[in-house]
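Just below is one structure, and these are the notes that go with it.
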Amino acid sequence: MSTFPSGFLWGTATSAYQIEGATTADGRGMSIWDTFADEPGRVADGHTGDPAADHYHRMPADVALMSELGLNAYRFSLAWPRVCPDGVTVNPAGLDFYDRLVDELLTHGITPSATLYHWDLPQPLEDRGGWPERETAYRFADYAGVVADRLADRVPLWTTVNEPWCAAFLGYASGVHAPGRRDPGAAVAAAHHLLLGHGLAVQAIRSRAATRVGITLNLFGVFGDADAVRRIDGLQNRLFLDPLFRGFYPADVLDDLLPYAIPVRDGDVEIIGAPMDLLGVNFYRDHAVSSAWDGSPNLDWPGSEHIGHVRRGLPVTDLGWEIRAAGLTELLVRLASEYPTVPLYVHENGACFADVVMDGAVHDHARLAYLSDHVRAAHTALAAGVDLRGYFAWSLLDNFEWSEGYGRRFGLVHVDFETQRRIVKASGEWYSEVARGNRVP
Ligand code: IFM
């Protein structure tokens, strides 16, 4: 029996575009994901993020469900185009939704953890160049200030940007995510401006409230031949960790990125590297890489020519992602030993498997086993001395899995997207027991 420290947060994580739906309600503006998903061929099943799980209209019931499950925390994101439809001008009705959500959570004794950017850039800002433009970082900080003015008195935990690697490289290099651009130089600039936006948003939030703020990165263990490991670890992990925690971009990564240069200006690394209160870690899998690299940068999908092998004998999820829970322990231990100590939170961890509803129940044993192994792996990291403060399963609800559409399910709660009926899966019941007992049975 593994018991967790008292006060440990047990939550689920979601993101606005993936669950809210209601994309035209109450003055919400267009995001890059509305535009992208509307284009034929961008999303596997041809759907958009509306209605998703219709959470915008069902929020009180969804919060009540979290409470019934005994969860004591919830990580959600705000839709920037709901709060500022043109990216700049405040829409009070949009902000009101998150105000109500926060109050609803607090009423149920659930700690809110707010993420400001989970990939839904207002379309008007993309029309002005998007994240490759420096200006977007400043508009993001303004938006952070608007949200903090309204919510920072009640939200104790803040994430500026979720998974900047995806926003930059999937959005602007491989183009498999919105805005669907295929321009490696733009992706490198976007990565820097997402980090700059993070740093400026930290300042904006801190100037308004004494609250805890950080960033959430998708990080990977990387295995294979030494140079491939160095390069892929550089592009996926150190490109973000080093400026955030060491105050510089790693020299070998700058070399690997050539001919594309990071558009750093004087003072940027100080803004990006200012101390944070927490780091959110999103972990799903490791990367197995090979050394068949010819030395030329391939930013179409950074390192794609090296990635994709599943190590022999390892099981995979329905997305083909290998499953090895020890990877989570190793990652957390690495972060705690190689980077300055800030409290860590597992901000996302979960598994995609097809579900079958049988007699009103979903027996998702593969997902349950994945979660059980990873929660134990998180405990092993704690036992090794890692300052881990919480675990957020991805995700509360089945949702819009970006370019995969609705067919790929990660939820602890099954959603019938036609009727919007919710069914707590076996994994959700199991997680509820863990959260209530603060231990893994
Ligand atoms: O659904 C996504 C989420 O939006 C970001 N992290 C990975 C999840 C699963 O792909």
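Numbering (this note's numbering), first residue to last: 799 to 1239. Yeah, the Cβ is synthetic: ideal placement off N, Cα and C, and Gly gets one too. Source: prediction; values computed, not measured.
**Asked** Are there 16 or more other CB atoms within 10 angstroms of the CB of Ala-1024, so buried, or fewer, so exposed?
**Response** Along the sequence shown, one-based indexing puts residue 1024 at 226. Its Cβ having fewer than 16 others within 10 Å, Ala-1024 is exposed.
**Message:** the ligand IFM and Phe-1038: does the residue's C-beta get closer than 7 angstroms to at least one heavy atom of that ligand?
**Reply:** For this step, residue 1038 is matched to residue 240 along the sequence shown. Phe-1038: no, Cβ never under 7 angstroms from the ligand IFM.
**Request:** Please say whether Ala-1134 and Gly-1183 have beta carbons closer to each other than 8 angstroms?
**Result:** Indexing the sequence shown from 1 puts residue 1183 at position 385. Indexing the sequence shown from 1 puts residue 1134 at position 336. Yes; because the gap between Cβ atoms is below 8 angstroms, this pair is in contact.
**Among Gly-1203, Ala-985 and Pro-1113, the one whose alpha carbon lies nearest that of Tyr-1168** = Position 370 of the sequence shown holds residue 1168. If we check each option's Cα against that of Tyr-1168, Pro-1113 comes out closest.
**Request:** If I'm right that Gly-907 touches Arg-1234 with Cβ under 8 angstroms, what's the distance once you round it to whole angstroms?
**Result:** The residue labelled residue 907 in the question sits at position 109 within the sequence shown. The residue labelled residue 1234 in the question sits at position 436 within the sequence shown. Gly-907 to Arg-1234, Cβ: 13 angstroms. No contact.
**Request:** Return the CA-CA distance between Phe-1081 and Met-1074, expressed in angstroms with no decimal places.
**Result:** Walking along the sequence shown from the start, residue 1081 turns up at place 283. Walking along the sequence shown from the start, residue 1074 turns up at place 276. Going by the C-alpha atoms only, they are around 20 angstroms apart.
**Prompt:** If you run the structure through DSSP and keep just helix, strand and coil, what is Thr-825?
**Reply:** As a first step, residue 825 is located in the sequence shown; it is residue number 27 there, counting from the start. Going by the sequence as given, residue 825 is Gly instead of Thr. Helix.
**Prompt:** Would you call Met-1156 buried or exposed, if buried means 16 or more other Cβ atoms sit within 10 Å of its Cβ?
**Reply:** Indexing the sequence shown from 1 puts residue 1156 at position 358. Exposed.
**Asked** Which value, in whole angstroms, describes the spacing of the CA atoms of Ile-817 and Arg-1165?
**Response** Here residue 817 refers to the residue found at position 19 of the sequence shown. Here residue 1165 refers to the residue found at position 367 of the sequence shown. Rounded to whole angstroms, Ile-817 to Arg-1165 spans 20 angstroms at the Cα level.
**Asked** What are the uninterrupted segments assigned as beta strand (DSSP E) that are 3 or more residues long and contained completely in the region 866 to 895, given in chain order?
**Response** 871 to 875
**Message:** Here's the rule I'm using: 16 or more other beta-carbon atoms within 10 Å means buried, otherwise exposed. How should Ala-859 be labelled?
**Reply:** Within the sequence shown, numbered from 1, the residue matching residue 859 stands at position 61. Exposed, by the Cβ-count rule.
**Message:** Here's the rule I'm using: 16 or more other beta-carbon atoms within 10 Å means buried, otherwise exposed. How should His-1163 be labelled?
**Reply:** For the purposes of this step, residue 1163 is identified with residue 365 of the sequence shown, where counting begins at 1. So His-1163 counts as exposed.
**Backbone CA spacing between Ser-829 and Leu-994 [nearest angstrom]** = The residue labelled residue 829 in the question sits at position 31 within the sequence shown. The residue labelled residue 994 in the question sits at position 196 within the sequence shown. Near 21 angstroms, if we compare the C-alpha coordinates of Leu-994 and Ser-829.
**Request:** For Ser-1201, verify whether its CB is less than 7 angstroms away from any heavy atom of the ligand IFM.
**Result:** Counting from one through the sequence shown, the residue named residue 1201 turns up at place 403. Incorrect: Ser-1201 has no Cβ contact closer than 7 angstroms to the ligand IFM.
**Prompt:** At a cut-off of 7 angstroms, is Asn-1080 close to the ligand IFM when judged by its beta-carbon and the heavy atoms of the ligand?
**Reply:** Position 282 of the sequence shown, counted from the start, is the residue given in the question as residue 1080. True, at least one ligand heavy atom lies under 7 angstroms from that Cβ.
**Message:** Please state the DSSP three-state secondary structure of Pro-920.
**Reply:** To locate residue 920, count along the sequence shown from 1; it is residue 122. Strand, per DSSP.
**Asked** Within 10 angstroms of its Cβ, does Glu-866 collect 16 or more other Cβ (buried), or is it exposed?
**Response** Against the sequence shown, residue 866 aligns to sequence position 68. Glu-866 should be labelled exposed.
**Prompt:** With 16 as the cutoff for other CB atoms within 10 Å, does Ala-1191 come out buried or exposed?
**Reply:** Taking the first residue of the sequence shown as 1, we reach residue 1191 at position 393. Counting Cβ neighbours within 10 Å, Ala-1191 comes out buried, since at least 16 surround it.
**Prompt:** What is the residue span of the alpha helix (DSSP H) that Thr-1178 lies within?
**Reply:** Counting from 1 along the sequence shown, the entry for residue 1178 is found at position 380. It spans 1163 to 1181 - the alpha helix (DSSP H) in which Thr-1178 sits, taken as one unbroken run.
**Closest by C-alpha distance to Tyr-815, when choosing among Pro-803, Thr-801 and Ala-850** = By one-based count along the sequence shown, residue 815 stands at place 17. That would be Ala-850, whose Cα lies nearest to the Cα of Tyr-815.
**Request:** Quick one: give me the first and last residue of the beta strand (DSSP E) that His-975 is part of.
**Result:** Counting from 1 along the sequence shown, the entry for residue 975 is found at position 177. Unbroken run through His-975: none, as it is neither H nor E.
**Prompt:** So, helix, strand or coil for Ser-1201, using DSSP?
**Reply:** Mapped onto the sequence shown, residue 1201 falls at position 403. Of the three classes helix, strand and coil, the one that applies to Ser-1201 here is helix, per DSSP.
**Prompt:** Which partner residues does Arg-1220 have in the DSSP bridge list?
**Reply:** Here residue 1220 refers to the residue found at position 422 of the sequence shown. Arg-1220 pairs with Val-1213.
**Item:** Beta-ladder partner(s) of Asn-1035, from DSSP
**Value:** As a working note, residue 1035 is residue 237 in the sequence shown. Answer is none; Asn-1035 lacks a bridge partner.
**Message:** At 3 residues or longer, what runs of the beta strand (DSSP E) sit wholly inside the region 1120 to 1166?
**Reply:** 1142 to 1146
**Item:** Three-state secondary structure (DSSP) of Ile-1013
**Value:** Within the sequence shown, the letter at position 215 stands for residue 1013. Here DSSP, grouped into helix, strand and coil, assigns Ile-1013 to strand.
**Prompt:** According to DSSP, which residues form a beta bridge with Leu-1186?
**Reply:** The sequence position of residue 1186 within the sequence shown is 388, counting from 1. The partner list for Leu-1186 (beta bridge, DSSP) reads Leu-1142.
**Prompt:** What three-state label does DSSP hand Phe-777 in the structure shown?
**Reply:** Only positions 799 to 1239 of the chain appear in the structure, and residue 777 is not among them; the question remains open.
**C-alpha gap between His-1161 and Val-1000, whole angstroms** = Along the sequence shown, read from residue 1 onward, the residue named residue 1161 stands at position 363. Along the sequence shown, read from residue 1 onward, the residue named residue 1000 stands at position 202. Taking the CA atoms as reference points, His-1161 sits about 42 angstroms from Val-1000.
**Item:** Alpha-carbon spacing of Leu-1052 relative to Ala-984, whole angstroms
**Value:** Within the sequence shown, the letter at position 254 stands for residue 1052. Within the sequence shown, the letter at position 186 stands for residue 984. Roughly 15 angstroms separates the two Cα atoms.
**Prompt:** the ligand IFM heavy atoms versus the CB of Ser-813: any closer than 7 angstroms?
**Reply:** Position 15 of the sequence shown, counting from 1, holds the residue named residue 813. For the ligand IFM, at least one heavy atom lies less than 7 angstroms from the Cβ of Ser-813.
**Asked** Should Phe-1038 be labelled buried (16 or more other beta-carbon atoms within 10 Å of its own) or exposed?
**Response** Position 240 of the sequence shown, counted from the first residue, corresponds to residue 1038. With 16 or more Cβ atoms within 10 Å of its Cβ, Phe-1038 is classed as buried.
**Message:** Could you tell me the alpha carbon to alpha carbon distance between Val-1222 and Tyr-1229, rounded to whole angstroms?
**Reply:** Position 424 of the sequence shown, counted from the first residue, corresponds to residue 1222. Position 431 of the sequence shown, counted from the first residue, corresponds to residue 1229. In a straight line, the C-alpha of Val-1222 is about 10 angstroms away from that of Tyr-1229.
**Request:** Excluding the 5 residues preceding and the 5 following Ala-1224 in the sequence, name in chain order all residues of the same chain whose CB lies nearer than 6 angstroms to its CB.
**Result:** In the sequence shown, the residue the question calls residue 1224 occupies position 426. If we look at Ala-1224 and ignore the five residues flanking it on each side, its Cβ neighbours are His-1161, Asp-1162 and Leu-1166.
**Message:** By the three-class DSSP mapping on this structure, what secondary structure does Met-799 have?
**Reply:** Here residue 799 refers to the residue found at position 1 when the sequence shown is read from its first residue. Coil, per DSSP.
**Request:** With a threshold of 7 angstroms, establish whether the CB of Gln-816 neighbours any heavy atom of the ligand IFM.
**Result:** What you label residue 816 is simply residue 18 of the sequence shown in a count that begins at 1. True, at least one ligand heavy atom lies under 7 angstroms from that Cβ.
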